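Student: Protein chains in written order, with our numbering: chain A, 15 to 296; chain B, 8 to 252.
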Amino acid sequence: MISTENVSFHYTAGSEVLQNVNLEIKDGEFVAIMGENGAGKTTLVKMFNGLLKPSEGAVLVDGVNTREKSVAQLSRDVGLIFQNPDHQLFAETVAEELAFSLRNFGFKEDTIQKRVTSLLTTLDLKRYEKSPPFVLSGGERKRVALAAVLAWDPKHVVMDEPTIGQDYLQKDHLRNFIVQIISQGKTVVIVTHDVEFVAECKPRVVLLSRGKIIADGPSAQILTNEQVVEQASLVMPQIASLMKNLKNLNPPPNIIDAYSARRFLSGKLKGELEARAPAQRR
Amino acid sequence: MDSPIHRLDPRAKFILTLGFFVAALMFTNIIALLVIFFIQVPGILLAKSGKRWLRSLRGGLFLFIFIFVMNVIFLTPIVTSLGFAIRFLAIMSAFSFFFMTTSADDLGLALEQIHVPYSISFTFTTAVRLVPTMAVDAQTVVDAQRSRGLELDKGNFMKRIRNYVPILIPLIISAIRRSVELAEALESRAFGATEKRTPIVILRMKAVDYLVILATFMGVGLALYVYFKVPLPNLVIPIQIPRLF
Numbered sequence: 015m016i017s018t019e020n021v022s023f024h025y026t027a028g029s030e031v032l033q034n035v036n037l038e039i040k041d042g043e044f045v046a047i048m049g050e051n052g053a054g055k056t057t058l059v060k061m062f063n064g065l066l067k068p069s070e071g072a073v074l075v076d077g078v079n080t081r082e083k084s085v086a087q088l089s090r091d092v093g094l095i096f097q098n099p100d101h102q103l104f105a106e107t108v109a110e111e112l113a114f115s116l117r118n119f120g121f122k123e124d125t126i127q128k129r130v131t132s133l134l135t136t137l138d139l140k141r142y143e144k145s146p147p148f149v150l151s152g153g154e155r156k157r158v159a160l161a162a163v164l165a166w167d168p169k170h171v172v173m174d175e176p177t178i179g180q181d182y183l184q185k186d187h188l189r190n191f192i193v194q195i196i197s198q199g200k201t202v203v204i205v206t207h208d209v210e211f212v213a214e215c216k217p218r219v220v221l222l223s224r225g226k227i228i229a230d231g232p233s234a235q236i237l238t239n240e241q242v243v244e245q246a247s248l249v250m251p252q253i254a255s256l257m258k259n260l261k262n263l264n265p266p267p268n269i270i271d272a273y274s275a276r277r278f279l280s281g282k283l284k285g286e287l288e289a290r291a292p293a294q295r296r
Numbered sequence: 008m009d010s011p012i013h014r015l016d017p018r019a020k021f022i023l024t025l026g027f028f029v030a031a032l033m034f035t036n037i038i039a040l041l042v043i044f045f046i047q048v049p050g051i052l053l054a055k056s057g058k059r060w061l062r063s064l065r066g067g068l069f070l071f072i073f074i075f076v077m078n079v080i081f082l083t084p085i086v087t088s089l090g091f092a093i094r095f096l097a098i099m100s101a102f103s104f105f106f107m108t109t110s111a112d113d114l115g116l117a118l119e120q121i122h123v124p125y126s127i128s129f130t131f132t133t134a135v136r137l138v139p140t141m142a143v144d145a146q147t148v149v150d151a152q153r154s155r156g157l158e159l160d161k162g163n164f165m166k167r168i169r170n171y172v173p174i175l176i177p178l179i180i181s182a183i184r185r186s187v188e189l190a191e192a193l194e195s196r197a198f199g200a201t202e203k204r205t206p207i208v209i210l211r212m213k214a215v216d217y218l219v220i221l222a223t224f225m226g227v228g229l230a231l232y233v234y235f236k237v238p239l240p241n242l243v244i245p246i247q248i249p250r251l252f
């Protein structure tokens with residue numbers, strides 16, 4: 015479990031980036047941290063593996079205060095994938111790139127070879143095994159960066175803006191991959207502005223604005239709340255906006271409303287429709 | 008930031024910096040180099056840049072030690088090795104003094120007005136402007152690699168140097184990518200389409216600037232005199248380094 019207790023942080027005295035942040039992320043949970051630029055999202059996740067230590071309060075990873083461990087020790091459990099893959103790729107080949115962190119963490123050579131081969135296959139990078147990572151496309155470099163972190167099998171995976179520069183198909187692959195790693199019991203935290211991606215993934219949403227948590231709850235509930243979404247300089251997902259606009263046309267109240275939009279986003283409505291369909295066919 | 012030093016003409020400040028550079032290159036004598044180093048301190052305090060100057064010195068500490076150690080390893084006497092290291096510090100201090108008190112715009116203007124071709128002055132000022140961006144990039148790269156279990160301070164001296172490879176390569180590659188993108192953006196905006204440029208601001212030297220230049224020439228003259236005519240005492244360090252090769 016990752017938790018923050020009254021966490022405040024400033025880079026320079028007097029300008030608080032985070033103020034009294036209290037957050038609890040349970041094991042196996044899928045959380046999206048959203049908010050406007052400069053809201054403190056990246057600062058918050060950099061505290062999860064100890065890259066930043068809170069100015070006040072405490073960050074606990076599996077009950078251990080991050081002040082008591084080094085970044086290398088914390089990173090063994092918290093894998094942080096940075097927004098720009100170019101900030102981490104350096105090796106001569108993709109395979110070497112994946113092996114780098116495993117060597118840092120002291121894995122044996124035969125384990126390294128097994129894990130590298132397995133991840134190259136899982137993330138569809140096998141054909142680039144011997145290629146330099148710099149010659150790959152943006153989306154492929156992002157996949158290499160993701161594989162390089164997943165290689166050491168961290169318990170908690172944190173992704174900073176994973177959908178930036180990705181086309182719809184790649185986002186779809188990413189979504190499936192996230193589902194896959196959640197099913198392995200891992201905690202997944204993503205930092206993103208991508209409301210459509212979040213609406214489709216349906217994680218728990220934590221909305222940050224000016225260093226404070228302004229909303230925390232299921233995506234279907236948060237992303238259809240116009241007030242908090244606006245406060246965090248985001249827009250509602252298209253489907254929720256459509257429902258709202260339709261509602262403004264004053265249709266009969268039992269046909270469509272924001273409540274239905276929430277249920278649609280949470281999958282309940284879809285489930286009900288699917289349950290109803292066989293009955294209708296009968 | 009504003010101070011009498013900041014208000015000096017950039018050309019005068021550059022000549023002053025070159026003066027320190029030339030003087031520092033003349034000597035290997037520790038006392039002379041310490042004088043060249045400490046003579047800069049009043050100017051730095053007048054520019055209210057003491058803290059930043061100390062930070063830049065701290066940044067140069069690694070190279071200071073590196074220069075000293077490498078010279079000792081390759082059989083330079085300890086006193087001379089220390090002299091080389093202090094020379095580096097004196098030169099670094101002079102240039103950081105110049106860059107701390109001169110904005111990139113002033114620097115560009117100065118270069119243009121001493122008839123350096125615009126493409127060259129633009130390249131130079133852009134490089135200066137990109138330094139803070141590169142510093143942010145460097146910190147991000149360090150964070151990214153530390154998150155992958157890299158411990159920069161771990162291992163012996165050679166291992167520590169090797170630890171910087173995963174930092175330097177992404178940094179160099181992102182700098183190259185950025186410069187290519189910048190060049191394309193400039194070309195798309197017709198950079199260099201006009202041969203003759205007309206500056207809005209024209210730098211004019213004031214009396215105090217001429218005084219600084221005069222003082223610089225006098226200082227370099229004095230350094231030459233001391234170098235040729237005055238036998239300077241040197242420090243004696245009673246340590247004998249065993250021959251390695």
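A virtual CB, placed ideally from N, CA and C, is assigned to each residue, including glycine.
Bear in mind that the values here come from a model prediction, so they are computed numbers and not experimental data.
#1: Just by C-beta distance, which residues in the stretch 140–158 of chain B are closer than 8 Å to chain A?
#2: Three or more C-beta pairs closer than 8 Å, one from the stretch 194–212 of chain A and one from the stretch 121–133 of chain A: is that the case here?
#3: When you compare only the Cα positions, how much space is there between Met61(A) and Val48(B)?
#4: Going along chain A, which residues have a C-beta under 7 Å from Ile180(B)?
#5: Check distances from the C-beta atoms of the stretch 20–42 of chain A to those of chain B and list, in chain order, the residues that come in under 8 Å.
#6: Starting from the N-terminal side, write out each stretch of the alpha helix (DSSP H) that is 4 residues or longer and does not extend beyond the stretch 143–203 of chain B.
#7: Taking Cβ-Cβ distances shorter than 8 Å, what residues in chain A pair up with Asp172(B)?
#8: For the stretch 166–185 of chain B and the stretch 79–94 of chain A, state whether three or more C-beta atom pairs, one from each stretch, are separated by less than 8 Å.
#9: Kindly identify the DSSP beta-bridge partner or partners of Met173(A).
#10: How would you call Ile80(B), buried or exposed, if buried means at least 16 neighbouring beta carbons within 10 angstroms?
#11: Got a sec? Which residues, its chain only, sit under 6 Å from Gln120(B) by beta carbon, not counting five neighbours each side?
#12: Report the rounded CA-to-CA distance for Lys67(A) versus Thr80(A), giving the unit in angstroms.
#13: Given this structure, state the Cα-to-Cα distance separating His101(A) from Thr147(B), to the nearest angstrom.
#14: For Lys261(A) and Ser154(B), I'd like the C-alpha separation in whole angstroms.
#15: Which of the three DSSP states, helix, strand or coil, is assigned to Leu32(A)?
#16: For Ala145(B), collect the residues of the same chain with a Cβ closer than 8 Å to its Cβ; drop the 5 residues on either side in sequence, then sort them by chain order.
#17: With DSSP collapsed to three states, give me the class of Ile80(B).
#18: Note the first and the last residue of the continuous beta strand (DSSP E) segment covering Lys226(A).
#19: Residues of chain A with CB under 7 Å from Pro177(B), in chain order?
#20: Can you tell me where the beta strand (DSSP E) with Ile47(A) in it begins and where it stops?
#21: Once DSSP output is grouped into helix, strand and coil, what is the label at Leu37(A)?
#22: Going along the chain, which residues of its own chain have a beta-carbon closer than 6 Å to the beta-carbon of Ala306(A), five neighbours each way excluded?
#23: Give every residue of the same chain whose Cβ lies closer than 7 Å to the Cβ of Met8(B), excluding the five residues on either side of it in the sequence, and list them in chain order.
#24: Tell me which same chain residues have a C-beta within less than 8 Å of the C-beta of Ser29(A), skipping the five on either side of it?
#25: Leaving out five residues before and five after Ile192(A) in sequence, what residues of the same chain have Cβ atoms less than 6 Å from its Cβ?
#26: How would you list, in chain order, the residues of chain A whose beta-carbon sits under 8 Å from the beta-carbon of Arg184(B)?
#27: Using only alpha-carbon positions, find the residue among Ala222(B), Ala111(B), Ala151(B) that is nearest to Met13(A).
#28: Measuring CB to CB, does Ala92(B) end up less than 8 Å from Phe75(B)?
#29: Does chain B have any CB closer than 8 Å to the CB of Asn51(A)?
#30: Please classify Lys140(A) as buried or exposed, where buried requires at least 16 neighbouring CB atoms within 10 angstroms.
#31: Going straight from the alpha carbon of Gly307(B) to that of Ser126(B), what length do you get?
#32: Does DSSP put Arg218(A) in a helix, in a strand, or in coil?
Tutor: Looking at the coordinates:
#1: Result list: Asp144, Thr147, Val148, Asp150, Ala151, Gln152, Arg153, Ser154, Arg155, Gly156, Leu157, Glu158.
#2: The stretch 194–212 of chain A vs the stretch 121–133 of chain A: no contact.
#3: Taking the first residue of the first sequence as position 1, residue 61(A) is located at position 47. Taking the first residue of the second sequence as position 1, residue 48(B) is located at position 41. Met61(A) and Val48(B): Cα-Cα distance of roughly 39 Å.
#4: Here residue 180(B) refers to the residue found at position 173 of the second sequence. Neighbours of Ile180(B) on chain A, chain order: Asp100, Phe148.
#5: For the stretch 20–42 of chain A, which is checked against every Cβ of chain B, not one residue is closer than 8 Å.
#6: The stretch 143–203 of chain B contains these whole alpha helix (DSSP H) runs: 164–169, 172–195.
#7: Locating residue 172(B) in the second sequence gives position 165, counting from the first residue. What sits at residue 172(B) in the sequence shown is Val, not Asp. Within chain A, the residues near Val172(B) are Phe104.
#8: In the pairwise beta carbon analysis, the stretch 166–185 of chain B is classified as not touching the stretch 79–94 of chain A: fewer than three pairs are separated by under 8 Å.
#9: Here residue 173(A) refers to the residue found at position 159 when the first sequence is read from its first residue. Answer by DSSP bridge pairing, in chain order: Ile95(A), Ile204(A).
#10: As a position in the second sequence, residue 80(B) is number 73, starting the count at 1. Sixteen is the threshold: since fewer than 16 other Cβ atoms of the shown chains lie within 10 Å of the Cβ of Ile80(B), the residue is exposed.
#11: Counting from one through the second sequence, the residue named residue 120(B) turns up at place 113. Exclusion of the five residues before and after Gln120(B) leaves Leu210 as the residues of its chain whose Cβ lies within less than 6 Å of its Cβ.
#12: Taking the first residue of the first sequence as 1, we reach residue 67(A) at position 53. Taking the first residue of the first sequence as 1, we reach residue 80(A) at position 66. The C-alpha of Thr80(A) is placed about 7 Å away from the C-alpha of Lys67(A).
#13: Sequence index remark: in the first sequence, residue 101(A) carries index 87 (1-based). Sequence index remark: in the second sequence, residue 147(B) carries index 140 (1-based). When the Cα atoms are used, His101(A) and Thr147(B) turn out to be separated by approximately 7 Å.
#14: Translated into the one-based positions of the first sequence, residue 261(A) becomes position 247. Translated into the one-based positions of the second sequence, residue 154(B) becomes position 147. Those two C-alpha atoms are separated by around 47 Å.
#15: In the first sequence, residue 32(A) corresponds to position 18, counting from 1. It is a strand residue.
#16: Locating residue 145(B) in the second sequence gives position 138, counting from the first residue. Around Ala145(B): Ile174, Leu178.
#17: Taking the first residue of the second sequence as 1, we reach residue 80(B) at position 73. In the structure shown, Ile80(B) sits in a helix (DSSP, three-state: H, G or I).
#18: On the first sequence, residue 226(A) is found 212 positions in, with the first residue counted as 1. For Lys226(A), the enclosing beta strand (DSSP E) starts and ends at 226–232.
#19: Against the second sequence, residue 177(B) aligns to sequence position 170. Residues of chain A passing the Cβ test: Asp100, His101, Gln102, Leu103, Phe104.
#20: Counting from one through the first sequence, the residue named residue 47(A) turns up at place 33. Taken as a continuous stretch (DSSP letters only), the beta strand (DSSP E) holding Ile47(A) covers 44–49.
#21: On the first sequence, residue 37(A) is found 23 positions in, with the first residue counted as 1. It is a strand residue.
#22: Examination of residue 306(A) is not possible in this model, given that chain A is present from 15 through 296 alone.
#23: In the second sequence, counting from the first residue as 1, residue 8(B) sits at position 1. Lys55.
#24: Locating residue 29(A) in the first sequence gives position 15, counting from the first residue. Within its own chain, no residue has a Cβ closer than 8 Å to the Cβ of Ser29(A) once the five positions on either side in sequence are excluded.
#25: On the first sequence, residue 192(A) is found 178 positions in, with the first residue counted as 1. For Ile192(A), where only same-chain residues beyond five positions count, the Cβ hits under 6 Å are Val202.
#26: Taking the first residue of the second sequence as 1, we reach residue 184(B) at position 177. Here the neighbours are Asp100.
#27: Residue numbering for chain A in the displayed model covers 15 to 296; residue 13(A) lies beyond these limits and cannot be assessed.
#28: Within the second sequence, residue 92(B) is the residue found at index 85, counting from 1. Within the second sequence, residue 75(B) is the residue found at index 68, counting from 1. In this structure, the beta-carbon distance from Ala92(B) to Phe75(B) falls below 8 Å.
#29: Against the first sequence, residue 51(A) aligns to sequence position 37. So, not an interface residue.
#30: Taking the first residue of the first sequence as position 1, residue 140(A) is located at position 126. With fewer than 16 Cβ atoms within 10 Å of its Cβ, Lys140(A) is classed as exposed.
#31: Here chain B has residues from 8 to 252 only, and residue 307(B) is not among them.
#32: Taking the first residue of the first sequence as 1, we reach residue 218(A) at position 204. Three-state result, Arg218(A): strand.
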